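> Residue numbers (the working numbering), protein chains in the order written: chain A, 1 to 543; chain B, 544 to 761.
Pasting a structure below so you can have a look.
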Amino acid sequence: MIHIRQLDFTYSSGSGQKALGNICLDIEPGRYVLICGRSGSGKSTLCRTFNGLIPHFHPGKMEGTVTVAGRPTSETLVQALFDKVALVFQNPEAQLFSPTVKRELAFGLESLGMPAARIERQIAAVAAELGLENLLELDPHKLSGGQQHLVTLAAMLALKPRILVLDEPFANLDGRHVQAIRRILARLRAEGLGIVVCEHRLRPTVADADRIVVIDRGTIVLDGPCRRVLGSDLRRYGLQVPLAVELSRKLGLQKIHTDLQQVASEAKDIPLQEVSPSPRATGQQAGDVILSTRHLSARTGGLTILDDINLEIQAGSCLAIVGANGAGKTTLLRHLNGLARPSGGRLLLKGKDVTRARASALARHVGTAFQNPADQFFKLKVSDEIAVTPRITGNLDQGWIDELAQRFGLEKLMQRAPFRLSAGEKKRVAFAAALAGKPEILILDEPTAGQDADFREALGKTIRDLTETGHAVIIITHDLEFAHSQAGRWIVMAGGRILRQGRPEVLMADRQLMDQAGLEPTERFLWQRYCAGKKRCLTPGPS
Amino acid sequence: MLDPRTKLILALMAAAAAALTDKPAAAAALMAATIAFIIRRGALKPFLRWLAMVLPMAVFFGLVTAYGAGKAAGMLAAIKLAAITAVFFAFFIATGADELGDALIGWGLPFEAAFVFTAAMQFVPVIGRKARRVIDAQRCRGIPMEPGWRAVRHWPAFLIPLVLQCFRLAEELAEAMAARGFGRPGRSFTRTFRMKVRDWTALLTGALLLAAYIYCQG
């Protein structure tokens with residue numbers, strides 16, 4: 001269906017470096033292909049060659065051939081291919097341009113010139129398949145993130161394509177939505193649709209895919225059946241393999257498993273041994289309370305969005321706030337850094353009431369790095385961008401900024417424009433900027449979203465360094481594996497309330513709590529529980 | 544239910560009536576009738592919010608007119624401006640931008656032009672949310688962007704990230720539209736509008752009322 005031969009591509013707007021080099025790839029309907037690689041490896045560029053967006057939409061120098069159903073994409077417009085190869089992009093906000101979900105689903109079918117009655121039938125069928133029947137008359141921009149992902153997926157499935165390509169479909173989704181999309185993709189594949197998923201997180205996809213293509217610096221470095229590729233060293237390509245795969249290799253099992261149950265079953269007769277030390281989750285030896293809330297509550301439009309929140313954040317600790325989409329995590333964040341005023345209760349900073357303090361005044365004490373660094377960049381140089389907060393608050397310390405630059409690996413980027421950096425580099429600049437004013441507390445909003453294993457590892461080290469120097473770090477995340485490896489304490493939220501707080505292992509052992517919060521225990525926890533009955537444990541490395 | 548084009552023409556007629564009057568009472572009566580319609584549609588709250596934005600502009604317009612043409616003319620100008628904008632507020636609560644776009648396609652407007660109009664309306668709240676996120680991010684960095692004169696000094700911190708993100712959004716949007724066949728010839732439409740007897744009746748009644756009104760104005 002899609003045949004790529006000796007494809008080279010260089011963006012005309014880029015640095016002149018090849019974005020793709022010598023790509024040879026065949027993708028057929030009925031197969032599930034996972035294309036993975038570190039951030040900036042060329043995954044998204046490759047996706048855009050499948051339906052002709054490259055070279056028609058993104059101009060550049062293209063050599064080699066890409067054919068879709070026998071038609072070369074270089075000579076065929078995107079509009080002639082979109083119903084054969086459907087591409088779902090990462091950002092749902094930019095893919096929803098109709099006033100209702102129904103109109104959104106109809107858009108592509110209308111482009112095909114389909115009669116109205118047939119459009120109605122296809123919309124009804126796809127809505128039923130994805131459980132969107134009750135959303136058809138709603139404004140897609142007012143839906144939750146998970147629902148928006150489903151609508152973008154449905155808009156493409158309505159076209160009945162032969163191949164469905166999804167660029168990072170699991171970013172920003174909680175465990176429940178990840179499972180829902182996994183089930184849908186598995187069903188579609190069984191019905192004969194070709195699925196291509198581009199991801200750097202292997203865990204949600206690896207059990208479903210039957211082929212893995214690893215791309216690094218624009219070239220395919222590994223391509224083959226799942227188990228064979230998983231048997232290779234993927235860490236060198238910035239990929240974090242699922243724990244089951246890692247354990248299969250470390251235990252020398254006959255097969256590489258993607259499921260912990262299978263590992264446990266095959267490993268039951270193998271004596272376990274300790275192969276690597278467990279990383280220290282921070283928070284065990286915390287100091288004084290810096291920030292706390294007392295019966296904090298918030299209401300909007302007659303609805304309670306935060307209800308009786310009581311928490312304490314100690315110096316030298318790392319706290320993770322976890323919960324499903326819509327649990328109230330972001331609302332709580334906005335109250336902790338002064339962006340929102342509570343309707344009841346108090347916020348205390350080192351014992352002083354700061355409930356009515358402005359966010360800009362609290363910035364000296366509470367640094368926040370939001371999920372999207374592009375929301376804040378306005379200087380022409382990274383060095384100026386990092387120094388914004390200390391210049392405003394009057395505590396500029398060039399030595400500290402140089403130290404941050406070194407810690408985040410930004411020394412060579414200091415004179416560059418922040419807008420032109422890669423996604424990972426932008427995140428690092430945002431973290432350095434949040435710390436430049438020497439706040440006692442650092443809040444990280446979804447810090448690992450869209451980031452590869454290299455970045456996660458570097459971020460984990462930074463968090464440990466910060467807590468060791470007495471900072472308190474608050475992570476708001478869906479990434480429970482990361483939260484488990486970094487935070488000594490979790491706060492589990494649902495419906496604007498704290499369901500429970502405590503050590504992650506204790507909370508994950510409470511199945512009822514996890515169900516209520518819409519969360520799934522981490523692989524690390526599941527394996528630790530399996531090992532609990534053994535005399536010695538095989539503990540995984542850093543997540 | 545009237546065709547969106549009928550509603551548009553009726554709104555233009557009402558706006559013309561407001562523009563042509565030289566009696567403050569007549570403009571005020573038109574405004575009152577429009578407000579009654581808005582209340583009936585259950586949109587009083589958003590109308591009052593909108594009025595809070597428009598009133599300073601109307602007062603300013605009135606003051607400028609009063610300076611050149613006298614107090615009475617100034618008051619009339621302010622009321623007329625408020626009445627005309629109220630008419631279009633009422634029109635947009637009664638007619639979705641997408642409905643209007645689809646109906647205008649029936650009059651020969653190219654789909655691409657109608658889509659740009661509809662999408663522009665659709666993305667106003669999206670840009671609004673982006674603006675909110677930029678302000679929040681900068682406040683958290685210590686930049687005093689809370690409402691007030693101090694925020695004005697920091698306009699680049701607001702405008703630069705917002706404009707850059709709007710460009711990015713436009714690029715992503717165009718790519719997503721191309722990936723769903725935007726611009727492919729032979730497009731069909733699930734919703735088409737046709738002028739019915741009630742539309743022509745409403746238009747005729749509106750035209751007669753406007754003619755009578757103009758005649759009465761002398």
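Beta carbons: idealized from backbone N, C-alpha and C, even for Gly.
None of the values given here were measured: they were computed from a predicted structure.
Specify the secondary structure class of A/Gly338 as computed by DSSP and reduced to three states.
A/Gly338: coil per DSSP, three-state reduction.
> Candidates A/Leu513, A/Met114, A/Pro447 and A/Gly146: which alpha carbon is nearest A/Ala320's?
Checking every option, the nearest Cα to that of A/Ala320 belongs to A/Pro447.
> Whole alpha helix (DSSP H) runs in the stretch 39 to 87 of chain A with 4 or more residues, listed along the chain?
DSSP runs (the alpha helix (DSSP H)) wholly in the stretch 39 to 87 of chain A: 43 to 50 and 53 to 56.
> Check whether the Cβ atoms of B/Phe715 and A/Asn91 lie closer than 8 Å to each other.
Checking the sequence, you will find Glu at residue 715 of chain B rather than Phe. Result yes, Cβ atoms of B/Glu715 and A/Asn91 sit closer than 8 Å.
> Starting from the Cα of A/Asn372, find the closest Cα among A/Leu444, A/Ala327 and A/Arg38 and give me that residue.
Checking every option, the nearest Cα to that of A/Asn372 belongs to A/Leu444.
> Which runs of the beta strand (DSSP E) spanning at least 3 residues fall entirely within the stretch 338 to 393 of chain A, listed in chain order?
For the stretch 338 to 393 of chain A, whole beta strand (DSSP E) runs of length 3 or above, ordered along the chain, are 344 to 349 and 366 to 369.
> Out of A/Val126, A/His200 and A/Phe82, state which residue places its alpha-carbon closest to the alpha-carbon of A/Gln451.
Cα-wise, what sits closest to A/Gln451 is A/His200.
> Any residues in the stretch 574 to 608 of chain B with a beta carbon nearer than 7 Å to a beta carbon of chain A? Which ones, in chain order?
Those would be none; no residue qualifies.
> Tell me whether the stretch 49 to 69 of chain A and the stretch 243 to 261 of chain A touch, counting them as touching only if at least three CB pairs, one residue from each stretch, are closer than 8 Å.
No: the two stretches stay apart, fewer than three of their Cβ pairs being nearer than 8 Å.
> In the structure shown, what three-state DSSP assignment does A/Glu129 receive?
Here A/Glu129 sits in helix by DSSP.
> Express the C-alpha separation of A/Ala363 and B/Arg682 in angstroms, rounding to a whole number.
Using only the alpha carbons, I get a separation of about 8 Å.
> Could you check where the beta strand (DSSP E) with A/Thr304 kicks off and where it finishes?
Here the beta strand (DSSP E) through A/Thr304 covers Leu303 to Gln314.
> Going along chain A in order, which residues have a C-beta closer than 8 Å to the C-beta of B/Pro764?
Nothing about residue 764 of chain B can be reported from this structure: the residues present for chain B run from 544 to 761 only.
> Answer with buried or exposed for A/Gln353, where buried requires no fewer than 16 other C-beta atoms within 10 angstroms of its C-beta.
It should be noted that the sequence gives Asp, not Gln, for residue 353 of chain A. Answer is exposed; the Cβ neighbour count stays below 16.
> Of all Cβ atoms in chain B, is any one closer than 8 Å to the Cβ of A/Leu138?
Not closer than 8 Å to any Cβ of chain B, the Cβ of A/Leu138 fails to qualify, so no.
> Within 8 Å, do at least three Cβ pairs link the stretch 78 to 91 of chain A to the stretch 113 to 123 of chain A?
The stretch 113 to 123 of chain A vs the stretch 78 to 91 of chain A: no contact.
> Short check: CB of A/Arg235 to CB of A/Ala453, under 8 Å?
Cβ distance < 8 Å, so A/Arg235 and A/Ala453 count as in contact.
> Which chain B residues sit within Cβ distance under 8 Å of A/Arg217?
The contacting residues do not exist; A/Arg217 stays about 24 Å from chain B at best.
> What is the residue span of the alpha helix (DSSP H) that B/Phe565 lies within?
The question names Phe, yet the displayed sequence has Asp at residue 565 of chain B. Here B/Asp565 belongs to no alpha helix (DSSP H), and DSSP marks it neither H nor E.
> Contact between the stretch 576 to 586 of chain B and the stretch 632 to 646 of chain B is defined here as three or more beta-carbon pairs at a separation below 8 Å; is this criterion met?
Contact between the stretch 576 to 586 of chain B and the stretch 632 to 646 of chain B is present, because at least three Cβ pairs lie under 8 Å.
> Let me know the secondary structure DSSP gives A/Phe9 once reduced to three states.
A/Phe9 falls in the strand class under three-state DSSP.
> As a quick exercise: from A/Leu143, A/Ala190, A/Pro204 and A/His365, pick the residue whose alpha carbon is nearest that of A/Phe170.
Nearest option by C-alpha distance: A/Pro204.
> Excluding five sequence neighbours on each side, which residues of the same chain lie with their C-beta closer than 8 Å to the C-beta of A/Ala359?
Excluding residues within five positions, the ones whose Cβ falls inside 8 Å are Asn337, Gly338 and Leu339.
> Assuming A/Thr462 contacts A/Arg407 under a Cβ cut-off of 8 Å, what Cβ separation, rounded to an integer in Å, is found between them?
Yes, A/Thr462 and A/Arg407 are in contact; Cβ-Cβ is about 6 Å, under 8 Å.
> Closer than 8 Å, CB to CB, is B/Phe710 near chain A or not?
Answer no: the Cβ-Cβ gap between B/Phe710 and chain A never drops below 8 Å.
> Can you tell me whether DSSP reads A/Glu403 as helix, strand or coil?
In the structure shown, A/Glu403 sits in a helix (DSSP, three-state: H, G or I).
> Would you say A/Val165 and A/Leu87 are within 8 Å of each other, going by their C-beta atoms?
It is a contact, given that the beta carbons lie within the stated cut-off.
> Hey, does B/Glu655 have any beta-carbon neighbour from chain A nearer than 8 Å?
Not one chain A Cβ lies under 8 Å of B/Glu655.
> Figure out for me which residue from B/Ile582, B/Ala612, B/Asp641 and B/Leu619 has the closest Cα to the Cα of B/Ala601.
Here the closest residue by C-alpha is B/Leu619.
> From the DSSP output, which residues share a beta bridge with A/Cys198?
Answer is A/Ile35 and A/Asp167, bridged to A/Cys198.
> Quick check on A/Val388 - is its C-beta less than 8 Å from some C-beta in chain B?
Cβ-Cβ to chain B under 8 Å: yes for A/Val388.
> So for A/Pro225, helix, strand or coil by DSSP?
Of the three classes helix, strand and coil, the one that applies to A/Pro225 here is strand, per DSSP.
> Along chain B, in chain order, which residues have C-beta atoms closer than 9 Å to that of A/Pro29?
Per Cβ cutoff of 9 Å: no residues; A/Pro29 is ~19 Å from chain B at best.
> Please specify which runs of the beta strand (DSSP E), each continuous and at least 3 residues long, are wholly inside the stretch 420 to 480 of chain A, giving them in chain order.
Counting only runs of 3 or more, we get 441 to 445 and 472 to 476.
> Does the stretch 658 to 667 of chain B come close enough to the stretch 127 to 138 of chain A that 3 or more CB-CB pairs lie under 8 Å?
The stretch 127 to 138 of chain A, when compared against the stretch 658 to 667 of chain B, does not touch it at the 8 Å Cβ threshold.
> From the DSSP output, which residues share a beta bridge with A/Asp216?
Per DSSP, A/Thr219.
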